[in-house]
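Undergrad:
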Amino acid sequence: SITPVLCSASLYHDESGQVAGVFASARDISEWKKAETRLRTITKAVEATSDAVIIADANGRYTYQNTAMAALFGFATVEELHARGGTESIVKDPRIAAEISATLAGGHSWAGELELVTKSGRVFPAFKSADAIRDPDGHILGFVCIINDVSERRQAEEEKRALTAQLAQSQKMESIGHLAGGVAHEFN
Numbered sequence: 002s003i004t005p006v007l008c009s010a011s012l013y014h015d016e017s018g019q020v021a022g023v024f025a026s027a028r029d030i031s032e033w034k035k036a037e038t039r040l041r042t043i044t045k046a047v048e049a050t051s052d053a054v055i056i057a058d059a060n061g062r063y064t065y066q067n068t069a070m071a072a073l074f075g076f077a078t079v080e081e082l083h084a085r086g087g088t089e090s091i092v093k094d095p096r097i098a099a100e101i102s103a104t105l106a107g108g109h110s111w112a113g114e115l116e117l118v119t120k121s122g123r124v125f126p127a128f129k130s131a132d133a134i135r136d137p138d139g140h141i142l143g144f145v146c147i148i149n150d151v152s153e154r155r156q157a158e159e160e161k162r163a164l165t166a167q168l169a170q171s172q173k174m175e176s177i178g179h180l181a182g183g184v185a186h187e188f189n
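When we follow this note's numbering, the leftmost residue of the sequence shown carries the number 2, and every step to the right adds one.
1) Could you tell me the distance, in whole angstroms, from the CA atom of His109 to the CA atom of Leu115?
2) For Trp33, count the other beta carbons within 10 Å of its own beta carbon; 16 or more makes it buried, fewer makes it exposed. Which is it?
3) Unbroken beta strand (DSSP E) runs of length 3 or more, entirely within the stretch 31-102: which are they?
4) For Thr88, count neighbouring Cβ atoms within 10 angstroms of its own Cβ and tell me buried if that reaches 16, exposed if not.
5) According to the Cβ coordinates, are Ala127 and Leu142 closer than 7 Å?
6) Assuming Phe144 contacts Leu105 under a Cβ cut-off of 8 Å, what Cβ separation, rounded to an integer in Å, is found between them?
7) Per DSSP, what kind of secondary structure is Ile3 in: helix, strand or coil?
8) The beta strand (DSSP E) spanning Ser110 covers which residue range?
9) In three-state DSSP terms, what is Lys129?
10) Please state whether the Cβ-Cβ distance between Lys120 and Gly75 is less than 7 Å.
11) Who are the near neighbours of Gly22 in its chain, counting only those whose CB is closer than 8 Å to its CB and skipping five residues on each side?
12) Please check the pair Ile134 and Val54, which I expect to be a contact at CB under 8 Å, by giving their CB distance rounded to whole angstroms.
13) Expressed to the nearest angstrom, what Euclidean distance is found between the alpha-carbon atoms of Ser152 and Ala112?
14) With a threshold of 7 Å on Cβ separation, who are the neighbours of Glu48 within its own chain once the five nearest residues in sequence on each side are excluded?
15) What does the alpha-carbon distance come out to for the pair Arg62 and Glu80?
16) Whose C-beta lies closer than 8 Å to the C-beta of Leu73 among residues of the same chain, with five residues either side of it excluded?
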């Protein structure tokens, strides 16, 4: 089998300055290559998801957004989002933005439905989950947030409620019709 290695070499000289030989070393980097492949796979998975994903450092400063996040909110870069005010600029209710920040700063997860605002000012309902990213010792390295636009689901729920109300009204009218027909039959 072939083992990936990292090689380094340098010449060494004798007292007269002439090349006396070569010092070379090789280091097995198999684990490094496996980690690199895992990282590439995770990156491709995050980019492939239709959910918006944004990552922040331990200070809450955004360091990464996937293409779905850029498309949903209209911010081409995380720097542009920071320039507009970061989390506070995309969460419609400032109290919820403060709650999310405080929860994450305390090392806890936050999840729930809320209204978010795009760069263009469009307000939409979303489900957001945010979690701390920790090192093996439990120290917070950063935060990850996943946002799912639930506009279509909400619209479908509204349509279902409206249809249910129409059905109930129709059934009431049908019952009244039967009752009226029975009463009319009794008078005849």
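All residues carry an ideal CB built from backbone N, CA and C; glycine is no exception.
In this text the structure is predicted, and so the values were computed from the model without any measurement.
TA: In short:
1) 18 Å
2) exposed
3) 53-58, 63-66
4) buried
5) no
6) 5 Å
7) coil
8) Where Ser110 is concerned, there is no enclosing beta strand (DSSP E), given that its DSSP letter is neither H nor E.
9) strand
10) yes
11) Leu12, Tyr13
12) Not really, about 12 Å apart at Cβ, beyond 8 Å.
13) 17 Å
14) Asn67, Thr68
15) 9 Å
16) Ala53, Thr119, Ile148, Asp150
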